[in-house]
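>
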Amino acid sequence: MTKDQVCTILEEIALLLELKGENVFKFRAYQNAVRALELFTGDFSTLAQEGHLPKIDGIGKAIAEKITELVQTGKLPYHEELKAEFPPEIFDLFEIQGLGAKKIKALNDQLGVSSIPLLEKACREKMVETLPGFGEKTQEKLLAAIELHHAHAKLARRGKVAPIAEAILEMMRTHPDVTRLSLAGSYRRAKEVLGDLDLVVSSKYPESVMNGFASLPEIDSILLRGPTKMSVRLKSGIQCDLRVVSDAEYPFALNYFTGSKEHNVELRNRALTLGWTLNEYRLASVDETKSPPCIRDETELYQALDLAYIPPELRENTGELEAAAQNRLPKLIEWSNLRGTFHNHTTASDGKNTLQEMVDAADELGLDYLGIADHSKSSVQANGLSEERLLNQLAEIRALQQAGSPVRIFTGVECDILKDGSLDFADDLLSQLDYVVASVHSSFTLSEEEMTARIIRAMENRYVTMLGHLTGRILLTREPYAVNIPKLIDCAAATGTWIELNANPYRLDMDWRWWHLAKDKGVKCVINPDAHQTKGLLDLFYGVGIARKGWLTRNDVMNCLPLSEIETALRRKRQLA
DNA sequence: GCCGTTTTCGGCCCGACTGTTTTCAGTCG
Numbered sequence: 046m047t048k049d050q051v052c053t054i055l056e057e058i059a060l061l062l063e064l065k066g067e068n069v070f071k072f073r074a075y076q077n078a079v080r081a082l083e084l085f086t087g088d089f090s091t092l093a094q095e096g097h098l099p100k101i102d103g104i105g106k107a108i109a110e111k112i113t114e115l116v117q118t119g120k121l122p123y124h125e126e127l128k129a130e131f132p133p134e135i136f137d138l139f140e141i142q143g144l145g146a147k148k149i150k151a152l153n154d155q156l157g158v159s160s161i162p163l164l165e166k167a168c169r170e171k172m173v174e175t176l177p178g179f180g181e182k183t184q185e186k187l188l189a190a191i192e193l194h195h196a197h198a199k200l201a202r203r204g205k206v207a208p209i210a211e212a213i214l215e216m217m218r219t220h221p222d223v224t225r226l227s228l229a230g231s232y233r234r235a236k237e238v239l240g241d242l243d244l245v246v247s248s249k250y251p252e253s254v255m256n257g258f259a260s261l262p263e264i265d266s267i268l269l270r271g272p273t274k275m276s277v278r279l280k281s282g283i284q285c286d287l288r289v290v291s292d293a294e295y296p297f298a299l300n301y302f303t304g305s306k307e308h309n310v311e312l313r314n315r316a317l318t319l320g321w322t323l324n325e326y327r328l329a330s331v332d333e334t335k336s337p338p339c340i341r342d343e344t345e346l347y348q349a350l351d352l353a354y355i356p357p358e359l360r361e362n363t364g365e366l367e368a369a370a371q372n373r374l375p376k377l378i379e380w381s382n383l384r385g386t387f388h389n390h391t392t393a394s395d396g397k398n399t400l401q402e403m404v405d406a407a408d409e410l411g412l413d414y415l416g417i418a419d420h421s422k423s424s425v426q427a428n429g430l431s432e433e434r435l436l437n438q439l440a441e442i443r444a445l446q447q448a449g450s451p452v453r454i455f456t457g458v459e460c461d462i463l464k465d466g467s468l469d470f471a472d473d474l475l476s477q478l479d480y481v482v483a484s485v486h487s488s489f490t491l492s493e494e495e496m497t498a499r500i501i502r503a504m505e506n507r508y509v510t511m512l513g514h515l516t517g518r519i520l521l522t523r524e525p526y527a528v529n530i531p532k533l534i535d536c537a538a539a540t541g542t543w544i545e546l547n548a549n550p551y552r553l554d555m556d557w558r559w560w561h562l563a564k565d566k567g568v569k570c571v572i573n574p575d576a577h578q579t580k581g582l583l584d585l586f587y588g589v590g591i592a593r594k595g596w597l598t599r600n601d602v603m604n605c606l607p608l609s610e611i612e613t614a615l616r617r618k619r620q621l622a
């Protein structure tokens, strides 16, 4: 049983305990355990088999025993028994906005409402308003929430949200009563998928700012509105929350609403140990024996807690507070550090722009070098190149280069890793290219062992410079294929193979949660847009955000190297072998 | 159920908003 499967079961246990009306701290302990497991990148199954799980902070004796039982037997009677107490569809009800465990329990106990369709029926028959604690308005809101649930997926990819978010920010920036403003929440932390959008504003005239916000053209409907807080539904279906505070409160509000929740809890705990109490408005003395320092921005806020400034992308409670306390936070990579990129397509395979157009776009973007890596012959669906067509492209690129291209063009290929781990082209062809991106595009359903062995075999080829989109995931659409990522990281370190950070907002693969580990093992990252048209090059922006979340610096990312050094770097692995 | 420089009991972040209440419970972030 994998870690993910264990997490799913623990998550269900938490919900079931909450439904039963158990002690809140009990089910929260299960949620904390899931969180701890998700962040844990060590050897999970060995630890579970040997009973060393309590070494992970947040997992105690009781939960560790349950996990061990799950890993060893694949079953957990405790979970089965809990589950038997409720109909299985009841979990869906948690996705309806406005419904929590207490209300779901009341609906189930008193009306037999145990699924979204039954809830819809009960609302339409006006049964819900008869329950104590419920009323006519609640009933209406539930119907609206059900409709919304049908209409929109709960999460949106960063690439969908970003243009809207930046547009709202720019429009609000021009409002005369806005003093300071920032996007906050998971957007500011550069998360790959977002549940909503948060905007924090400081102003002397909150009413005026709220009116301005309410009249933005992007807004579809207002979900709730108080004196300082407003939630709206945007036309794109995304929820957007606005908070207006005074300018003195702004650094605290911005920090609080940037999160993550776990980072905030740690920060508050740290404040307490220093004799301060921290909330979204201020820092205050616990016993009023001392007056707090003047805090005008987030840097001063972290300073007051004896911490170096922690960039938003790192605020996931994965060791950033400890590092900030010891002043050993990395200097994170920035957009301007990128000098080139490697995984790009042209009309030769399934791209929408020609070689010349891609080169011009790279030049306009200020890149010094561009790698072309079209698909190989087995990717028939993507018009993959035959040996002959690849050699033709090679000649075309050399001619373009000699004609005086402003951008250095590197010749590569995105070479399919076949089912058995062999490559789509023979070594003598690969050796004529500057580099090779090796990717899986078929047979996604192999077992974890087979898939891991398949990719390892490909990495052991001296001509494979880098590994493309490591897990094949399409965010919110296709699950990653089963593969042992720690083993792949170890192999990349041993063979000197770079791992791609695929910057396409549909992929963002390898996931940011693994980069810190990869970096510690000495694995090099390469940020590639997997561009299929000129504007796709801009996806590099999303890649930098994820690299920052993964604690990476310019030294960890190969395409930060200047042109004078990248050529040698591309040749290094093939010369080692 | 977890945790520990208030340590084996007694805490566990906490404020805003809504709706149903008539002082508060539930939900959300």
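Positions 46 to 622 (the numbering used here) are the ones given, in order, by the first sequence.
All C-beta atoms in this analysis are idealised placements derived from N, C-alpha and C, irrespective of residue type, glycine included.
Owing to the predicted nature of the structure, the values given are computational and were not obtained by experimental measurement.
1) Quick check on this structure: which residue in 193, 210, 465 has the alpha carbon closest to the alpha carbon of residue 268?
2) Could you check how far apart the C-beta atoms of residue 303 and residue 230 are, in whole angstroms? I think they sit under 8 Å.
3) Count the other CB atoms, across all protein chains shown, that sit within 10 Å of the CB of residue 120; report buried if there are 16 or more and exposed otherwise.
4) For the candidate residues 577, 308, 529, whose alpha-carbon lies nearest to that of residue 90?
5) On a CA-only basis, which of 334, 589, 358, 76 is nearest residue 61? Give me that one, please.
6) Check the DSSP bridge columns for residue 417 and list the partner residues they point to.
7) When the Cα atoms are used, what is the spatial distance from residue 337 to residue 109?
8) List the endpoints of the continuous alpha helix (DSSP H) containing residue 217.
9) Give, in chain order, every unbroken run of the alpha helix (DSSP H) that is at least 4 residues long and sits entirely within the segment 486-571.
10) Residues in its own chain within less than 6 Å of residue 518 by CB, not counting five upstream and five downstream?
11) Among the residues of its own chain, which have a CB less than 8 Å from the CB of residue 352, if the five just before and after it don't count?
12) Going by alpha carbons, who is nearest to residue 285 out of 296, 56, 361, 200?
13) At which residues does the beta strand (DSSP E) containing residue 284 begin and terminate?
14) Quick check: the Cα distance between residue 2 and residue 117, rounded to an integer number of angstroms?
15) Between which two residues does the alpha helix (DSSP H) carrying residue 253 extend?
16) Considering only C-alpha positions, which residue in the set 332, 142, 426, 348 is nearest to residue 395?
17) Is the distance from the Cβ of residue 112 to the Cβ of residue 190 below 8 Å?
18) Counting pairs of Cβ atoms below 8 Å between the segment 570-577 and the segment 530-549, do you hit three or more?
19) Using only CA atoms, which one of 601, 167, 535 lies nearest to residue 375?
20) The alpha helix (DSSP H) with residue 403 in it runs from where to where?
21) Name the one or two DSSP bridge partners that residue 233 has.
22) Tell me the DSSP bridge mates of residue 275?
23) Mark residue 551 as exposed unless 16 or more other C-beta atoms lie within 10 angstroms of its C-beta, in which case mark it buried.
Taking the definition as stated:
1) Within the first sequence, numbered from 1, the residue matching residue 268 stands at position 223. The candidate whose alpha carbon is nearest that of residue 268 is 193.
2) As a working mapping, residue 303 is identified with position 258 in the first sequence. As a working mapping, residue 230 is identified with position 185 in the first sequence. The Cβ separation is near 6 Å, so the contact holds.
3) Residue 120 sits at position 75 when you count from the first residue of the first sequence. Flag for residue 120 reads exposed.
4) Taking the first residue of the first sequence as 1, we reach residue 90 at position 45. The shortest Cα separation from residue 90 among 577, 308, 529 belongs to 529.
5) By 1-based counting over the first sequence, the position of residue 61 is 16. Checked all of 334, 589, 358, 76; the closest Cα to residue 61 is 76.
6) The residue given as residue 417 occupies position 372 in the first sequence. According to DSSP, which records beta bridges pairwise, residue 417 is partnered with 456.
7) Taking the first sequence and counting its residues from 1, the one referred to as residue 337 is at position 292. Taking the first sequence and counting its residues from 1, the one referred to as residue 109 is at position 64. In a straight line, the C-alpha of residue 337 is about 42 Å away from that of residue 109.
8) Here residue 217 refers to the residue found at position 172 of the first sequence. Unbroken alpha helix (DSSP H) run through residue 217: 203-218.
9) 493-504, 530-540, 560-565
10) Working through the first sequence from its first residue, we reach residue 518 at position 473. Taken in chain order, the residues that qualify are 525, 554.
11) By 1-based counting over the first sequence, the position of residue 352 is 307. Around residue 352: 315, 366, 369, 370.
12) Here residue 285 refers to the residue found at position 240 when the first sequence is read from its first residue. Among 296, 56, 361, 200, the Cα nearest to that of residue 285 belongs to 200.
13) Numbered from its first residue, the first sequence carries residue 284 at position 239. Residue 284 -> beta strand (DSSP E) spans 284-290.
14) For the chain, the structure presents residues 46 to 622; residue 2 sits outside this window and is missing.
15) Position 208 of the first sequence, counted from the start, is the residue given in the question as residue 253. Run containing residue 253: 251-259, per the alpha helix (DSSP H) assignment.
16) Against the first sequence, residue 395 aligns to sequence position 350. Checked all of 332, 142, 426, 348; the closest Cα to residue 395 is 426.
17) For the purposes of this step, residue 112 is taken as the residue at position 67 of the first sequence. For the purposes of this step, residue 190 is taken as the residue at position 145 of the first sequence. Not closer than 8 Å, so no.
18) yes
19) Translated into the one-based positions of the first sequence, residue 375 becomes position 330. Comparing Cα-Cα distances from residue 375 to each of 601, 167, 535, the minimum goes to 601.
20) Within the first sequence, residue 403 is the residue found at index 358, counting from 1. Where residue 403 is concerned, the enclosing alpha helix (DSSP H) stretches over 400-409.
21) Here residue 233 refers to the residue found at position 188 when the first sequence is read from its first residue. The partner list for residue 233 (beta bridge, DSSP) is empty, contrary to what the question assumes.
22) Counting from 1 along the first sequence, the entry for residue 275 is found at position 230. Paired residue(s): 270, 287.
23) Looking up residue 551 in the first sequence gives position 506. Residue 551 is buried by the Cβ-count criterion.
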